[in-house]
Amino acid sequence: MRIGIDARELLGRRTGVGRYLADLCTVWRRLPSLGAHRFVLYAPAPGQNPSVLGPPFDTGPPGPFRYRAVPGAGDSWWEQTRLAAALNEDEPDVLFAPGYSAPLRIRVPVVLTIHDISFETHPEWFSWREGLRRRWFTRHAARRAARIIAVSGFTRDEVVAHLRLSPARISVVWSGIHRPTQVAGLAREPLVLFVGSIFNRRHIPALIQAFARVAVRVPAARLVLVGDNRSIPHEDPAGLAAAAGIADRVAVCAYVEDAELASLYARAMVFVFLSEYEGFGFPPFEAMAAGVPTVVGDTPVARELYLDAAWRVNVGDVPGIAGAITALLENADARAALLASAAERLPRFTWERAAGETLTILDRAGRQP
Numbered sequence: 002m003r004i005g006i007d008a009r010e011l012l013g014r015r016t017g018v019g020r021y022l023a024d025l026c027t028v029w030r031r032l033p034s035l036g037a038h039r040f041v042l043y044a045p046a047p048g049q050n051p052s053v054l055g056p057p058f059d060t061g062p063p064g065p066f067r068y069r070a071v072p073g074a075g076d077s078w079w080e081q082t083r084l085a086a087a088l089n090e091d092e093p094d095v096l097f098a099p100g101y102s103a104p105l106r107i108r109v110p111v112v113l114t115i116h117d118i119s120f121e122t123h124p125e126w127f128s129w130r131e132g133l134r135r136r137w138f139t140r141h142a143a144r145r146a147a148r149i150i151a152v153s154g155f156t157r158d159e160v161v162a163h164l165r166l167s168p169a170r171i172s173v174v175w176s177g178i179h180r181p182t183q184v185a186g187l188a189r190e191p192l193v194l195f196v197g198s199i200f201n202r203r204h205i206p207a208l209i210q211a212f213a214r215v216a217v218r219v220p221a222a223r224l225v226l227v228g229d230n231r232s233i234p235h236e237d238p239a240g241l242a243a244a245a246g247i248a249d250r251v252a253v254c255a256y257v258e259d260a261e262l263a264s265l266y267a268r269a270m271v272f273v274f275l276s277e278y279e280g281f282g283f284p285p286f287e288a289m290a291a292g293v294p295t296v297v298g299d300t301p302v303a304r305e306l307y308l309d310a311a312w313r314v315n316v317g318d319v320p321g322i323a324g325a326i327t328a329l330l331e332n333a334d335a336r337a338a339l340l341a342s343a344a345e346r347l348p349r350f351t352w353e354r355a356a357g358e359t360l361t362i363l364d365r366a367g368r369q370p
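The sequence shown lines up with residues 2 to 370 when you count with this note's numbering.
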């Protein structure tokens, strides 16, 4: 079977969709190069080899993958015109579209991954132009797709309710998780960590307000925020920390190198992720895998995925958030209990399982008459 893949999200600094696709490809690259599956990666980067896309193709043989460069900007116009033309010319058995949208006028069946539909349910989190673009393309791509992959049961239910699609067309495939590099020889310290893009829905102001309370109780505590600030309307974490009188206790980093991030995970005592809306939510799992007890917003997807492996709080309850962080900083038994639950939960979220389930869906879609 020949599987086409929209691979543009592998280019540049990768966000969630790019990392998701790279990890699936890492597993698929282990398949026999002359086996039942062949993959063609389509992206606008010039070149003839998958190595131009970076990891996992930048080292070793490409395995069952080959690359077709499709010139252009890699935007929606490119998707609907030049990518569509390339696919209609090549006619793979199925197209895997890993990030919300796909060419609408192609003869190839499409398997579309939808990670969440926040642009539909919370348009206030997006600029009007970006929200409109995402809503229009996702709605039409979802209606056209032969099969839809939702990364959680929560996302499936959102798609059914808001895009009015039959649940029979949607498969839930939980993603795998990234395991941070382990760093030996570093001791845990009263460090509270957040890692992830800063969106309004992740309630960084509430975290800073809560940490101001924690700092009174635990004088040695520090808060580190790591991630691009993509909030709309704009939030200023450093300014909020200064206004709360804790500027010297809070570090805000748009980006850190992998070695520094691994060090932060190795030293942190608590990870906090107060998101009110996620389709899946990688950061808490990554923190758990690094041995950091985790506090998350009490949401449907958190209840589905984390169960009792994370301490769930109301994202607007500043005293409750502060209480959870303080309890974990001060109580080794509470930290150990959360990590024991996480150790039981984490094996459910492997990329090997996710890649196998996704490939089965692609097979079925490609073989439909």
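Ideal Cβ positions, reconstructed from N, Cα and C, are used throughout, including at glycine.
DSSP bridge partner residues for residue i (one or two, in chain order)
i, result
"aspartate 59", "Paired residues: none, contrary to the question."
"threonine 114", "Ile150"
"tyrosine 43", "Asp7, Arg69"
"asparagine 230", "Ile199"
"tryptophan 78", "Note: tryptophan 78 sits in no beta bridge, so no partner."
"valine 314", "Gly298"
The beta strand (DSSP E) enclosing residue i, as first and last residue numbers
i, result
"glycine 5", "3-7"
"leucine 192", "192-196"
"isoleucine 149", "148-151"
"arginine 346", "Careful: arginine 346 lies outside any beta strand (DSSP E), inside the alpha helix (DSSP H) at 333-346."
"alanine 252", "251-254"
C-alpha gap between residue i and residue j, whole angstroms
i, j, result
"glutamate 258", "glycine 154", "33 Å"
"asparagine 89", "glycine 13", "26 Å"
"phenylalanine 200", "phenylalanine 274", "11 Å"
"glutamate 236", "phenylalanine 195", "15 Å"
"aspartate 7", "proline 62", "20 Å"
"tryptophan 312", "glutamate 92", "48 Å"
"alanine 70", "alanine 46", "6 Å"
"phenylalanine 283", "isoleucine 107", "32 Å"
"leucine 395", "proline 294", "Lying before the first or after the last residue shown, residue 395 is absent from the chain, which here runs from 2 to 370."
"alanine 303", "aspartate 94", "36 Å"
"alanine 23", "glycine 177", "11 Å"
"leucine 96", "glutamate 305", "29 Å"
"proline 124", "alanine 143", "18 Å"
Backbone secondary structure at residue i - three-state DSSP
i, result
"threonine 139", "helix"
"tryptophan 175", "coil"
"threonine 295", "strand"
"alanine 70", "strand"
"phenylalanine 281", "coil"
"alanine 87", "helix"
"leucine 96", "strand"
"arginine 145", "helix"
"valine 53", "helix"
"arginine 223", "strand"
"phenylalanine 272", "strand"
"alanine 37", "coil"
"alanine 323", "helix"
"leucine 12", "coil"
From the options, residue whose alpha carbon lies closest to that of residue i
i, options, result
"arginine 134", "Glu80, Pro56, Val314", "Glu80"
"arginine 145", "Tyr101, Thr182, Ala185, Arg180", "Tyr101"
"arginine 140", "Leu11, Ala260, Ala103, Trp126", "Ala103"
"glycine 246", "Ala151, Phe212, Ala142", "Phe212"
"leucine 360", "Val18, Thr27, Pro57", "Thr27"
"tryptophan 126", "Gly317, Arg202, Val316", "Arg202"
"alanine 343", "Leu42, Ala288, Leu330, Val314", "Ala288"
"serine 232", "Ala222, Pro206, Gln210", "Pro206"
"valine 215", "Ala328, Arg31, Phe350, Asn315", "Ala328"
Boundaries of the alpha helix (DSSP H) in which residue i is found, first to last residue
i, result
"tyrosine 21", "17-29"
"tryptophan 126", "First-last for tryptophan 126: undefined, no H or E at that position."
"glycine 367", "352-368"
"proline 206", "205-218"
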